[in-house]
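Quick note: to get this note's numbering, add 759 to the position in the sequence shown (first position is 1).
Beneath this line is the structure, given in C-alpha cells, with notes to follow.
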Amino acid sequence: MNHRSEEFMKMVERTTILLKDRLDIPEGYTVFYTSSATECWEIIAQSLVVKESVHVFNGSFGEKWYDYTRKLKPDAKARPFDCQSELNPDDLDFSGAELICVTQNETSNGTQLSHDIMGALRRKNPKVLIAADATSSMAGIALDFSQADCWFASVQKCFGLPAGLAVMVCSPAAIARMGSIAERQHYNSMTVLKEMMDKWQTPCTPNVLAIYLLMRVLKKSKSIDRVSEKLEVRSAAWARFFGGSKRLSLLISNPAVRSGTVIAVKADEALVTKVKADARRHGFLLGEGYGALKKETFRIANFPALKRKEVQKLMRFLIPYL
Ligand SMILES: *Cc1c(COP(=O)(O)O)cnc(C)c1O
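So this is what it looks like as C-alpha cells:
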C-alpha cells in the first residue's frame, strides 16, 4: 500500500479510532506512529523540552531513557529511586523542570507505577508535562491516559505484534508545548509528525504492514478493562505460584510496586542458568534477566496474547524447580 494513498490514510484513521476505543484514550489526544519506543525517547527530548527534563526511574529502561536524553539535552536530571519501595511524589521537587519522565512499567525489574501514584504525580505537578513509557503495559493494563501528556509503547510487548512499530499518544497540552517550541530539525520532529498526521500520514514511509496488523488485532481485541482483568488474575496466580517456593522467588517483594505484565523471578545463578536452558529444551523462551540483574533473574511475560493453556504448561514445567 502506497503510504500517500487514500487507502493508507483511511487505514491509519481507522486504526487510530480503534486504538482510542479499545484502550479508552481521550478523544482530544493525538496518536502518532513511530518505529520504536527508543525513537519516542528521542522525539520527546527533541520536541517537548528546551532545557530540562527530570527522569524518575528505578531500573534499566528508565535509566537508558535518561542517558539518551542527556546526549540531546545535557541539563536533563536523574531522580533514581529504589525498586522495592513505592515512589512518593511528595518527596520530589520538580521546580524548574519542563517535563517529568517516568517509566510506568519498568520491564527490567518487573515494577510499575500504580494508578494512584501516577494520579498523585499529576495532582502535585499540574503545570509540568508528564511523559510515561508504557512499552510493556499499554494494551495489557488499563491506563488512565489523562494522568500523563505523552504515552508511548512499541507493539512487540502487550500488543502481541512483530517488532518495528510504536505508538505515541499525546495530550492537547503536549501538542501545545510542541507548537510553542516548534522544533523541526529532524525528520521525526513532533511538529512534522503532527502536520503529517493531520492528513493521516507520516513523514517517512512507515511500517505499513505493522499498522495493518495493529488494526486487525485491535479489531479483534476486547476492551482494555476486560483484558486487564484477565491479566490481573494471571499475575495473582504467578504470585501464589512463586510465593510457595523455596528456591525461586519474585524479585520484587513489595506487592504494591509489582508489575502486572512482567514477572521477574530471582534465584541463585546456577539455578537460573539451569531453568533457562531446560526451558529452552522444552520449547519455552524465558525472558533473560536484564542489565545488572541478568545472572540472578529471569522474566515471564504476562501479556494478553498468551493463552491459558500455555501459561499452565509453563507452570507445570517450573514445578520441579520450586
Ligand atoms: C522494550 C522497552 C523499550 C524499548 O523498546 P524498543 O521498541 O526496542 O525501542 C523501552 N522501554 C521499555 C519500558 C521497554 O520495555
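Every residue gets a Cβ at the ideal spot worked out from N, C-alpha and C, and that includes glycine.
Computed from a prediction, not measured in an experiment: that's the story for all the values here.
Taking all protein chains shown into account, do 16 or more other C-beta atoms lie within 10 angstroms of the C-beta of residue i, making it buried, or fewer, making it exposed?
i     : result
Q1071 : exposed
K823  : buried
A898  : buried
I847  : According to the sequence displayed, residue 847 carries Asn and not Ile. Burial call: exposed.
P839  : exposed
L1081 : exposed
I1078 : exposed
V809  : exposed
N750  : The shown model of the chain, from 760 to 1081, leaves out residue 750, and the question about it has no answer.
Would you mind reading off the limits of the alpha helix (DSSP H) that contains residue i?
i    : result
Y825 : S819 to L831
C799 : A796 to S806
T775 : E765 to L782
M955 : M949 to M956
R936 : P931 to I940
Taking residue i as the reference, give the member of the options with the closest Cα.
i     : options                     : result
T797  : N868, E786, N947 and A935   : N947
N864  : P833, L902, P848 and K883   : L902
L1065 : A1038, G919 and T793        : G919
F1043 : L1052, R838 and F1057       : F1057
E942  : E765, L807 and E1028        : L807
K886  : T894, A933, G869 and W910   : A933
A1051 : M937, D957, S819 and S895   : S819
A969  : M770, K832, E765 and R763   : M770
F816  : A891, K1035 and I940        : A891
S939  : A1038, M768 and Q805        : Q805
F767  : M974, I983, V1031 and P1063 : M974
A998  : F904, I1059 and G923        : I1059
I803  : A835, K979 and R763         : A835
What residue range is occupied by the uninterrupted beta strand (DSSP E) comprising residue i?
i     : result
A1023 : V1021 to K1025
I889  : L888 to D892
F911  : C909 to S913
A835  : From DSSP, A835 is part of no beta strand (DSSP E); its letter is neither H nor E.
V815  : S812 to F816
V809  : First-last for V809: undefined, no H or E at that position.
Find out if the Cβ-Cβ distance for the pair residue i, residue j is shorter than 7 Å.
i     : j     : result
A856  : E811  : yes
K1033 : E1055 : no
L990  : N1061 : yes
T789  : C929  : yes
I900  : G1002 : no
K825  : H814  : Checking the displayed sequence, the identity of residue 825 turns out to be Tyr instead of Lys. In contact: Y825 and H814 (Cβ atoms closer than 7 Å).
M955  : T964  : no
S795  : A893  : no
F1000 : M949  : no
T866  : V1016 : no
R936  : L888  : yes
K1053 : L1045 : no
C799  : M927  : yes
N884  : F853  : yes
P931  : G821  : no
L782  : I1011 : no
M760  : V967  : yes
* To do: Enumerate, from N- to C-terminal direction, the unbroken alpha helix (DSSP H) stretches of 4 or more residues contained entirely within the segment 1039-1080.
  => Runs of the alpha helix (DSSP H) inside the segment 1039-1080: 1067-1077.
* Identify every run of the beta strand (DSSP E) within the segment 972-1025, keeping only runs that are complete inside it and at least 3 residues long; order them along the chain. => Listed in chain order, they are 1021-1025.
* **4-residue-minimum alpha helix (DSSP H) runs that sit fully inside the segment 845-897, ordered along the chain** => Taken in chain order, the complete alpha helix (DSSP H) segments of 4 residues or longer contained in the segment 845-897 are 874-883.
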